[in-house]
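Working notes, beginning with the structure itself.
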Amino acid sequence: MNMKKRKIILWILVISIIVVGVFIYRRPDIRFIIKNTWEMLGEESDFHEIPIDEKDLQSVSIGSVKDDQADIVYNNSLVLVNKDHPISEGIVPNIVDYKDTDVKMDESVADAYGELSEAVKSQVGKNLYIMDSYRSEEEQESLYSEDKNTATTPGSSEHEIGLALDVYVKFFAGEGFIKSEAGQFVYENCWKYGFIVRYPPFKKRITGMKFEPWHIRYVGLPHSEIIYKKGLTLEEYIQSLEIGKFYKSGEYIISRQKGEEFLFPNNVKKIVISPDNMGNYIITGR
Numbered sequence: 019m020n021m022k023k024r025k026i027i028l029w030i031l032v033i034s035i036i037v038v039g040v041f042i043y044r045r046p047d048i049r050f051i052i053k054n055t056w057e058m059l060g061e062e063s064d065f066h067e068i069p070i071d072e073k074d075l076q077s078v079s080i081g082s083v084k085d086d087q088a089d090i091v092y093n094n095s096l097v098l099v100n101k102d103h104p105i106s107e108g109i110v111p112n113i114v115d116y117k118d119t120d121v122k123m124d125e126s127v128a129d130a131y132g133e134l135s136e137a138v139k140s141q142v143g144k145n146l147y148i149m150d151s152y153r154s155e156e157e158q159e160s161l162y163s164e165d166k167n168t169a170t171t172p173g174s175s176e177h178e179i180g181l182a183l184d185v186y187v188k189f190f191a192g193e194g195f196i197k198s199e200a201g202q203f204v205y206e207n208c209w210k211y212g213f214i215v216r217y218p219p220f221k222k223r224i225t226g227m228k229f230e231p232w233h234i235r236y237v238g239l240p241h242s243e244i245i246y247k248k249g250l251t252l253e254e255y256i257q258s259l260e261i262g263k264f265y266k267s268g269e270y271i272i273s274r275q276k277g278e279e280f281l282f283p284n285n286v287k288k289i290v291i292s293p294d295n296m297g298n299y300i301i302t303g304r
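Here it is, written out as structure tokens:
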């Protein structure tokens, strides 16, 4: 390669860097995402597999849990819903009205969203609003028939189980949500209240969805913390839980199990069981 060609290539690189730099400078949302992604690389999660002696385990049947015969919470907080895993017949949401409004969501979400909303108000000084929450199958079918490019097929939307919320603040909705201070607060802190940004940046090949900073999904603690700090999607997280293994995160014990009988340590309390919509159940306790 002669000197002239090298100079041309060098100038092209310099101009490209300048263009990218100007673009990033003029986009505070892009700067925030890059900064947050970089900082997440330094985040530490104490999530790890642990050995459990079989003699220290007790068992419970899923039947007794569903019939409220056991002191265990059963909900859908870790149900995986996407185009590959549509909502199965056994997944029945427990829909309630949020406080005294006509906004509908799964019961397990209501208190957590209230805490997140209060945090946004106290930390950022903005009111967090819900643009969309629970949708019936009929409503999803209507949306899909109107716009097949944006709406997902009926049965494959998290809104149909009431665990997803599309949130916004005044003047900042949709893709613009991340440009607001409130949107950035939600992105960085919603995990503390049991939520995740369901479709994060750079993960479309896994979720099938582009970055949606406004779409948050309830999974509960400690799962939201693990997912956020390890930079995972819900798909990646659930697949990382091997069937029959036990994991520890802080004071929490987690296990993904298959069948109608579940085992968990005798000293574990405050147990929550959720189906994963893949034929298994995820048990969480402290």
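Residues 19 to 304 (this note's numbering) are what the sequence shown spells out, left to right. Note that CB positions come from ideal geometry on N, CA and C, so glycine has one too. Note that the structure is predicted; figures quoted are calculated from it, not measured.
- Nearest to S258 by C-alpha distance, out of E269, I291, N285, I300, is I300.
- Under the three-state reduction of DSSP, R153 is assigned to coil, being neither helix nor strand.
- A residue is called buried when at least 16 other Cβ atoms come within 10 angstroms of its Cβ; P69 does not meet this threshold and is exposed.
- Rounded to the nearest whole angstrom, the C-alpha separation of S77 and K84 is 15 Å.
- Its chain contains L146 as the residues whose beta carbon lies nearer than 6 Å to that of S135, once the 5 sequence neighbours on both sides are disregarded; these appear in chain order.
- Per the DSSP secondary-structure output, V91 pairs in a beta bridge with V290.
- DSSP, reduced to helix, strand and coil, places A191 outside both helices and strands of the structure shown, so it counts as coil.
- The beta-bridge partner set that DSSP reports for T170 is empty.
- The distance from the Cβ of I224 to that of V237 is about 16 Å, inconsistent with a contact at the 8 Å cut-off.
- The beta-carbon distance between I105 and I179, rounded to whole angstroms, is 6 Å. This is short enough to meet the 8 Å contact definition.
- Secondary structure at L281: strand, using DSSP grouped into helix, strand and coil.
- Per DSSP, the beta bridge partners of Q275 are Y299.
- K266 carries a strand assignment under DSSP once its states are collapsed to helix, strand and coil.
- The region 193–202 and the region 120–136 do not touch, with fewer than 3 CB-CB distances between them shorter than 8 Å.
- DSSP places H66 inside the beta strand (DSSP E), whose first and last residues are 66–68.
- Burial state of E176 is buried, judged by a 10 Å Cβ sphere holding 16 or more other Cβ atoms.
- Taking the Cα positions, E133 is about 10 Å away from K210.
- Where L183 is concerned, the enclosing beta strand (DSSP E) starts and stops at 182–186.
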